[in-house]
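Engineer: Take a look at this one; I'll ask things after.
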Amino acid sequence: MTVRVTNEILYDIADLADNIEENFGSQYADLFEQEITDTLNRIGDNQNLYPGTGIFIAEMRLGRQ
């Protein structure tokens, strides 16, 4: 099984962060972004630690532009 993190998913995450900021403030949006980034990085690290898991991350870019 392959898990792909696509640009579309990253856009959805950015939209969620914008919604969180709008409704709850930038502090919560920043916390959400950091937690998502940490989770995606762990997935990527696991791919390196356990080759053959089928996890692939495509161009991970998260944050405000």
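Sequence positions in the sequence shown follow this note's numbering and run 142 to 206. Glycine is no exception: its CB is placed at the ideal position from the N, C-alpha and C atoms. Please read all numbers here as calculations on a predicted model, not as lab measurements.
Identify which residue in R183, E174 and N182 has its Cα closest to the Cα of Y152.
Structural biologist: The candidate whose alpha carbon is nearest that of Y152 is E174.
Engineer: Which value, in whole angstroms, describes the spacing of the CA atoms of I161 and A170?
Structural biologist: Roughly 5 Å between the two C-alpha positions.
Engineer: Confirm, please, whether the CB-CB distance from I177 to I150 is below 8 Å.
Structural biologist: The answer is no: Cβ separation not under 8 Å.
Engineer: Using the Cα positions of E163 and L172, report the straight-line distance between them to the nearest angstrom.
Structural biologist: Each residue's alpha carbon lies about 14 Å from the other.
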